[in-house]
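**Q**
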Amino acid sequence: MKDQQHQPRDLDGNPVTPGLPMAMLAEVTHRCPLACPYCSNPVDLVRAAKEISADDWGRVFRQAADLGVLQVHISGGEPGARKDLAQIVGHARDAGLYVNLITSGIGITRDRLIELDRAGVDHVQLSLQGIRPDMADRISGHPGSWDKKMAFSDWVTEIGFPLTINAVVHRQNMDRLPDMVDLAERLGARRIEVATVQFHGWADRNRGALMPTREQAEFARQVVNAARIRLRGRMVIDYVPADHHAIYPKACMGGWGSTGLNVGPDGTVLPCHAAQTIDWMRFENVQDRSLSDIWHLSDSFNAFRGTAWMPEPCRGCDRKSVDFGGCRCQAMALAGDARATDPVCSKSPLHAGVVARAEEDAAATTTEFIYRRMSKGG
Amino acid sequence: MTALIGPDDIPYLPRGVRLQGDRVRGIRVLQAPERALQLDQIGEAILSELDGARSLDRIVRDLAARYNAPVEQIGGDVRDFLTGLIERRMVFLKDAA
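Those protein sequence lines, which keep their order, are chains C and S. Take the first sequence: its position 143, counted from the start at 1, is 142 in numbering that gives the first Met the number 0, and no numbers get skipped. Take the second sequence: its position 57, counted from the start at 1, is 56 in numbering that gives the first Met the number 0, and no numbers get skipped.
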């Protein structure tokens, strides 16, 4: 193919060298019985009629494995909302991928979970929204969610899947983090992911209800550090801190287009799940082009590869290969410019304003949520 | 810090953790929940020994014999490597029957 002779270039035309991806997030649907106000799905959700088929996913998984992907995270929305989920999982295993199922636990019965075991799910990640029924049901906007999740967790244990608990933390539940860690231990989890809400999309609409205080962020850090020592060899704790309170930004995706990619319900391929918030960027689809071409040659994946595109203060910063200038989507949201230094970085000229706004949001007294919903019609 | 593995412990790869070839990069990897570790030859040699039957002590002696190396040196390498994986919950232990 003559396309392959093209030199990949970043958005300024500097030559870049794509590496190989290790992991792929497969958001097989945006449908979900929950309505969490910090959902990482885009605000503009993809409808069921636009979802690509299980066989399409099979083709994508084979292309992904050929490209170097080792693991697929099958997520959503709630992946269990797809009746053909077991078929999708089977295709992923047939392609040689390690299959992580990322689920709310709602809508997958015991029989279906057994079917998913036979299809080849390697590992289950279960999200929890709180440590008690009242909080979990209110945050997820789904009455009865807690009881269903606890039943699901029992089935995971019964079947023998390795279990990760995913706990998204924010102002309204962060004080209960020690209880959440205990709960994960009680449920027999090998890992818990404690992830502070990232303020994109839906969460950005709920900043006043979700933004943690500086004291809470510090408390969470101490809880995690103490629990890591106490639980050494028994449970792993992965922690995504509150970056609005950090000195340096997170190394988002380990660098744009470097190790991971995301395929959405309709086959759109994104360098990260929030990339569509960069409104001028155009993304390609597995229905039109191979995953390999999209990874190596598309403008979207090449835009922010390498470091030559960086403006100051990133360009002259010795951390530019550590955190890659932070998160492009956060730069878009907070600076109005996707190539700017992530404004949560203390070296960004916008940093003081970001901190002031985060503190203002954290001091807000509202607890009301704007829940994630599909828009009517369309 | 207390030792996570003793000579009589039998290390094994639990469900959800497996050795696999990476045909694109031409190496072996350890696949685990949401992690894929790229292995060098030493790591691969150690993990290939985990059969769920032999103790750490036996594995070290077998490796020392095969590679004609001192038991103390091999023992240290194997213990350090496995301790790192036990901390990450990628290797489990059982007691000798």
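We put the beta carbon where it would ideally sit given N, CA and C, even for glycine. All of these numbers come straight from a predicted model, not from anything done at the bench.
1. State buried or exposed for Met-0/C, treating a residue as buried only when at least 16 other CB atoms are found within 10 Å of its CB.
2. So which residues of chain S does Gln-62/C contact, with C-beta pairs closer than 7 Å?
3. Check Gln-432/C in the structure and name its three-state DSSP category.
4. Given a limit of 8 Å on CB to CB distance, which residues of the segment 157 to 182 of chain C reach chain S?
5. Taking 8 Å as the threshold (beta carbon to beta carbon), is Ile-9/S in contact with chain C?
6. With DSSP as the reference, label Met-179/C as helix, strand or coil.
7. Assign Ala-2/S to buried or exposed, taking buried as 16 or more other Cβ atoms, counted over all protein chains shown, within 10 Å of its Cβ.
8. The beta strand (DSSP E) with Ile-26/S in it runs from where to where?
9. Using only alpha-carbon positions, find the residue among Pro-17/C, His-5/C and Arg-8/C that is nearest to Gly-254/C.
10. Below 8 Å on the Cβ atoms is my guess for His-169/C versus Tyr-37/C; work out the distance and round it to an integer in Å.
11. Identify every run of the beta strand (DSSP E) within the segment 56 to 103 of chain C, keeping only runs that are complete inside it and at least 3 residues long; order them along the chain.
12. Would the segment 114 to 126 of chain C count as touching the segment 75 to 89 of chain C if we require 3 or more Cβ pairs under 8 Å?
13. With 16 as the cutoff for other CB atoms within 10 Å, does Asn-67/S come out buried or exposed?
14. If Met-23/C and Val-285/C are in contact, beta carbons under 8 Å, what's the gap, nearest whole angstrom?
15. Return the chain-ordered list of same chain residues with a C-beta closer than 6 Å to the C-beta of Ser-257/C, the five sequence neighbours on each side being excluded.
16. Determine which residues of the segment 97 to 129 of chain C have a Cβ less than 8 Å from any Cβ of chain S, and write them out in chain order.
17. Do three or more CB pairs link the segment 163 to 183 of chain C to the segment 195 to 213 of chain C at distances below 8 Å?
18. With Phe-80/S as the anchor, note down where its alpha helix (DSSP H) starts and where it stops.
19. Leaving out five residues on either side along the sequence, give the residues of the same chain with a beta carbon under 7 Å from the beta carbon of Gln-3/C.
20. Can you give me the C-alpha to C-alpha distance between Thr-276/C and Val-28/S, rounded to a whole angstrom?
21. Ignore the nearest five residues each way along the sequence and tell me which others in Ala-188/C's own chain have a CB closer than 7 Å to its CB.
22. Verify the CB distance criterion: does Val-59/C have a CB-CB separation below 8 Å to chain S?
23. Using a cut-off of 7 Å between C-beta atoms, extract the partners of Pro-32/S located in chain C.
24. On the criterion of 16 or more Cβ atoms from any shown chain inside 10 Å, does Asp-110/C qualify as buried, or is it exposed?
25. Take the Cβ of Gly-377/C as the centre, count every other Cβ of all protein chains shown within 10 Å, and call the residue buried at 16 or more, exposed below.
26. Short of 7 Å in beta carbon distance, which residues of its chain neighbour Glu-359/C, apart from the five on each side in sequence? Order them along the chain.
27. At the 8 Å Cβ level, is Asp-61/S part of the contact set with chain C, yes or no?
28. Does the Cβ of Thr-108/C have 16 or more other Cβ atoms within 10 Å, making it buried, or fewer, making it exposed?
29. Tell me the start and end of each unbroken beta strand (DSSP E) in the segment 203 to 258 of chain C that is at least 3 residues and wholly inside, in chain order.
30. How many angstroms separate the CA atom of Pro-7/C from the CA atom of Leu-290/C?
31. For Thr-267/C, tell me which candidate among Gly-259/C, Phe-282/C and Ala-225/C has the shortest Cα-Cα distance.
32. Residues of chain S with CB under 7 Å from Met-21/C, in chain order?
33. I'd like to know if Arg-229/C contacts chain S, where contact means its C-beta is closer than 8 Å to some C-beta of that chain.
34. Smallest Cα separation from Val-68/C: which of Ala-94/C, Ile-101/C, Pro-78/C and Val-155/C?
35. Answer with buried or exposed for Thr-102/C, where buried requires no fewer than 16 other C-beta atoms within 10 angstroms of its C-beta.
**A** The short version:
1. Bear in mind that the predicted position of Met-0/C carries a pLDDT of just 46, short of 50, making it unreliable; the figure below should be weighed with that in mind. Exposed, since its Cβ has fewer than 16 Cβ neighbours within 10 Å.
2. Here the premise fails: no neighbours, minimum Cβ distance about 12 Å.
3. Lying outside 0 to 377, the shown extent of chain C, residue 432/C is not represented and no answer is given.
4. Gly-159, Phe-160, Pro-161 and Thr-163
5. no
6. helix
7. exposed
8. 26 to 31
9. Pro-17/C
10. 7 Å
11. Entirely contained in the segment 56 to 103 of chain C, the beta strand (DSSP E) runs reaching 3 residues are, in chain order, 70 to 74 and 97 to 102.
12. yes
13. exposed
14. With 8 Å as the limit, Met-23/C and Val-285/C do not qualify as a contact, their Cβ atoms being about 11 Å apart.
15. Within the same chain, and ignoring the five residues on either side of Ser-257/C in sequence, the residues whose Cβ sits closer than 6 Å to its Cβ are Gly-18.
16. Tyr-97, Asn-99, Asp-121, His-122 and Gln-124
17. Contact between the segment 163 to 183 of chain C and the segment 195 to 213 of chain C is established, with three or more Cβ pairs separated by less than 8 Å.
18. Where Phe-80/S is concerned, the enclosing alpha helix (DSSP H) starts and stops at 70 to 86.
19. Confidence in Gln-3/C is poor, its pLDDT being 49 and thus under 50, which makes the residue's placement unreliable; the coordinate value appears in the next sentence. Hits under 7 Å: none found.
20. 35 Å
21. Leu-162, Thr-163, Ile-164 and Met-234
22. no
23. Below the 7 Å Cβ cutoff, chain C contributes Asn-99, His-122, Pro-161, Thr-163, Arg-189 and Arg-190 as neighbours of Pro-32/S, in chain order.
24. exposed
25. Reliability fails at Gly-377/C, whose pLDDT of 39 lies under 50, so the model's placement of it is uncertain and the value that follows must be treated cautiously. Exposed, since its Cβ has fewer than 16 Cβ neighbours within 10 Å.
26. none
27. no
28. exposed
29. Listed in chain order, the complete beta strand (DSSP E) runs (minimum 3 residues) inside the segment 203 to 258 of chain C are 235 to 239.
30. Each residue's alpha carbon lies about 15 Å from the other.
31. Phe-282/C
32. Ala-35
33. no
34. Comparing Cα-Cα distances from Val-68/C to each of Ala-94/C, Ile-101/C, Pro-78/C and Val-155/C, the minimum goes to Ala-94/C.
35. Answer is buried; the Cβ neighbour count reaches 16.
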